[in-house]
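Asker: In terms of the numbering used here, the sequence shown opens at residue 136 and continues consecutively. Note that the Cβ used here is the ideal one computed from N, Cα and C, for glycine as well. In this text, all values refer to a predicted model and were calculated from it rather than measured experimentally.
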Amino acid sequence: DPDYSQYPQVPSDDFFPLQSGSYTRYSTTGPNVPTYESGNQNIGYLKNGGVSEYTFYCTRKAYYNLAIGIKNYSGGTIEATVVNEDGNTELSGSFEIVAPSSDYGEVQYEFGDVLSTGVKTLKMVFKANHSSWIMNYKNVTLKKRADFDDGSTKYKVS
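#1: Residue range of the beta strand (DSSP E) that residue 264 falls in?
#2: With C-beta atoms as the reference, is residue 262 less than 8 Å away from residue 214?
#3: Reducing DSSP to helix, strand and coil, say where residue 77 ends up.
#4: Can the beta-carbon of residue 275 be found less than 8 Å from the beta-carbon of residue 203?
#5: What residue does the beta strand (DSSP E) around residue 248 start on, and which one ends it?
#6: I need the straight-line Cα distance from residue 183 to residue 254, nearest angstrom please.
#7: Confirm, please, whether the CB-CB distance from residue 256 to residue 188 is below 8 Å.
#8: Between the C-alpha atoms of residue 238 and residue 156, what's the straight-line distance to the nearest angstrom?
Here it is, written out as structure tokens:
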């Protein structure tokens, strides 16, 4: 069997390690951002077009929410997709960035479709109709919202 231990697992109580992500600049002339801040505790310097990606292993077919700790500045949207190893999109959504009740409070965004098991990549593109800082974030993961019921009796208790 393949060894998937190198990837963060979903579902899990753990967050994706920020150091496991890849980050793409929003401008070829600007600084190389998004980037780490506060001793690698969060990702900051997000402007329109910034991209963050995390590869993980999904161990359970289910419905998931994008969970992320947000420190909102000027707002915008997160264009989130989850693709499988074949490059096929399994989950997607455009989510308005909302200010949590406290800095880096968790906000959950609901994906409508089911996520299958296997190696996946979460891609978040940060969009805004302004040139200011959008937000900072930490504690990002996918949280299981509901089990997937395929209609079989295989998992049902009689």
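Answerer: Let's see:
#1: Residue 264 -> no beta strand (DSSP E), and no H or E assigned at all.
#2: yes
#3: This structure leaves residue 77 out entirely; the chain is present only between 136 and 293.
#4: yes
#5: 240-250
#6: 28 Å
#7: yes
#8: 22 Å
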